[in-house]
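J.: Below is a structure I'd like to ask you about.
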């Protein structure tokens, strides 16, 4: 018979510890490769090293918001609390990644485009709209009230936000005359081998961090739900006790 | 190295934000799990610990 370990007061597990260790090791490798391994670019010089954090942030923004959309659809179709929890967890992480995408892109834009921001650039503005939509999504989730109704309202926003992802992604192709942003870094084939390898290390680190965060955030939401259920049970017990006293 | 200031701001902010978020998750998890009875924390009593 397998012994059951005593419960611990945290949301970690063997899986998350392995993921966390892999993230830290990967980060060390990414910093070394990003600053000392990968060569500078002929045009952008060392500013190109921003690619190793900006592009993974952007790609995993998409991954997170697609996860939110899948969770939202599953909630709408099956009323699955598990999927609703996944959707909310992924949205919060996606918001972090989306914010970092906007910030690092802006900081990268100054030395390469000579501006931090351009309101006429479709990629920048659609990414900002996506960011604001996910703030709205998380705001709706935090409103409280009936959990089912809240989840349904949030799920609709989650699906709508995912619907603009193709516009964000393809905007540099569809409005190529209205963007400072370069076309797809991965498909234009201009990257040196070591630059490309470092970029994939970045993808791996961001992917591992996404998985680590998603597991922890899922468990936190689960605990919050359990606490609300406990509070509700306690309130009902008190009400019954008052009624019995009368 | 050219553009070092921009690189440090971009990388530094990204790493700091990621670390801050990770720490906040761990703290929230610890605070909440201390308040929820063990039998309602189902992933924490498995062999995965």
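Protein chains in written order, with my numbering: chain G, 164 to 409; chain Z, 11 to 59.
Even glycine gets a Cβ: it sits at the ideal position worked out from N, Cα and C.
Only a predicted model underlies this, so the values are computations on that prediction, with no experimental measurement involved.
1. So for residue 209(G), helix, strand or coil by DSSP?
2. Less than 7 Å between the C-beta atoms of residue 224(G) and residue 257(G), yes or no?
3. If we ignore side chains and look at the alpha-carbon of each, how far apart do residue 58(Z) and residue 175(G) end up?
4. Looking at the structure shown, is residue 184(G) part of a helix, part of a strand, or coil, going by DSSP?
5. When you compare only the Cα positions, how much space is there between residue 301(G) and residue 316(G)?
6. Does DSSP classify residue 59(Z) as helix, strand or coil?
7. Assuming contact is defined by CB atoms lying nearer than 7 Å, are residue 198(G) and residue 227(G) in contact in what I supplied?
8. Within this structure, are the beta carbons of residue 306(G) and residue 42(Z) separated by less than 7 Å?
9. Give the interface partners of residue 274(G) over in chain Z, defined as CB-CB distance under 7 Å, in chain order.
10. In terms of residues, what are the limits of the alpha helix (DSSP H) holding residue 217(G)?
11. Quick one, which residues of the segment 237 to 264 of chain G are near chain Z if we go by CB-CB under 9 Å, in chain order?
12. Quick one: list the residues of chain Z neighbouring residue 389(G), beta-carbon separation under 7 Å, in chain order.
13. Are there 16 or more other CB atoms within 10 angstroms of the CB of residue 380(G), so buried, or fewer, so exposed?
14. Report the three-state DSSP secondary structure of residue 281(G) (helix, strand or coil).
15. Suppose the cutoff is 8 Å on Cβ atoms and the five residues either side in sequence are ignored; what does the same chain contact list for residue 196(G) look like?
16. Taking only three categories from DSSP, how would you classify residue 204(G)?
17. Between the segment 244 to 251 of chain G and the segment 186 to 195 of chain G, do three or more beta carbon pairs fall short of 8 Å?
18. At the level of alpha carbons, what is the spacing between residue 288(G) and residue 281(G)?
19. For residue 37(Z), would you say it is in contact with chain G, using Cβ-to-Cβ distances shorter than 7 Å as the test?
20. Using a Cβ-Cβ distance cut-off of 7 Å, determine whether residue 182(G) contacts chain Z.
21. Out of curiosity, what's the CA-to-CA distance linking residue 333(G) and residue 246(G)?
T.: So, from the listed chains and residues:
1. Locating residue 209(G) in the first chain gives position 46, counting from the first residue. Of the three classes helix, strand and coil, the one that applies to residue 209(G) here is helix, per DSSP.
2. As a working mapping, residue 224(G) is identified with position 61 in the first chain. As a working mapping, residue 257(G) is identified with position 94 in the first chain. Result yes, Cβ atoms of residue 224(G) and residue 257(G) sit closer than 7 Å.
3. Numbered from 1 along the second chain, position 48 holds the residue referred to as residue 58(Z). Numbered from 1 along the first chain, position 12 holds the residue referred to as residue 175(G). Residue confidence is low: residue 58(Z) scores 45 on pLDDT, short of 50, so the model does not pin down where it sits. Its coordinate-derived value is still stated next. Whole-angstrom Cα-Cα distance: 9 Å.
4. Position 21 of the first chain, counting from 1, holds the residue named residue 184(G). Reduced to three states, the DSSP call for residue 184(G) is helix.
5. One-based indexing of the first chain puts residue 301(G) at position 138. One-based indexing of the first chain puts residue 316(G) at position 153. Their Cα atoms are separated by approximately 11 Å.
6. Walking along the second chain from the start, residue 59(Z) turns up at place 49. Confidence is the limiting factor: at residue 59(Z) the pLDDT is only 42, short of 50, which leaves the residue's position unreliable, though a coordinate-based value still follows. Coil at residue 59(Z), not helix or strand.
7. Taking the first residue of the first chain as position 1, residue 198(G) is located at position 35. Taking the first residue of the first chain as position 1, residue 227(G) is located at position 64. Cβ distance not < 7 Å, so residue 198(G) and residue 227(G) don't count as in contact.
8. Numbered from 1 along the first chain, position 143 holds the residue referred to as residue 306(G). Numbered from 1 along the second chain, position 32 holds the residue referred to as residue 42(Z). Contact flag unset, no.
9. Here the question's residue 274(G) lines up with position 111 in the first chain. Ordered by position in chain Z, the residues that pass the 7 Å Cβ test against residue 274(G) are 13, 16.
10. The residue you call residue 217(G) lines up with position 54 of the first chain. Element bounds for residue 217(G): 214 to 241.
11. 255, 256, 259, 262, 263
12. As a first step, residue 389(G) is located in the first chain; it is residue number 226 there, counting from the start. 46, 50, listed in chain order.
13. Residue numbering aside, residue 380(G) sits at position 217 when the first chain is read from its first letter. Flag for residue 380(G) reads buried.
14. As a position in the first chain, residue 281(G) is number 118, starting the count at 1. DSSP places residue 281(G) in coil when its eight states are reduced to three.
15. Here the question's residue 196(G) lines up with position 33 in the first chain. Only 215, 357, 360, 361, 364 meet the Cβ criterion.
16. For the purposes of this step, residue 204(G) is taken as residue 41 along the first chain, with counting starting at 1. Three-state result, residue 204(G): strand.
17. no
18. The residue you call residue 288(G) lines up with position 125 of the first chain. The residue you call residue 281(G) lines up with position 118 of the first chain. When rounded, the distance between both Cα atoms is 8 Å.
19. On the second chain, position 27 is the one that residue 37(Z) refers to. By this cut-off, residue 37(Z) is not an interface position.
20. The residue labelled residue 182(G) in the question sits at position 19 within the first chain. Not closer than 7 Å to any Cβ of chain Z, the Cβ of residue 182(G) fails to qualify, so no.
21. Taking the first chain and counting its residues from 1, the one referred to as residue 333(G) is at position 170. Taking the first chain and counting its residues from 1, the one referred to as residue 246(G) is at position 83. Taking the straight line joining both Cα atoms gives about 28 Å.
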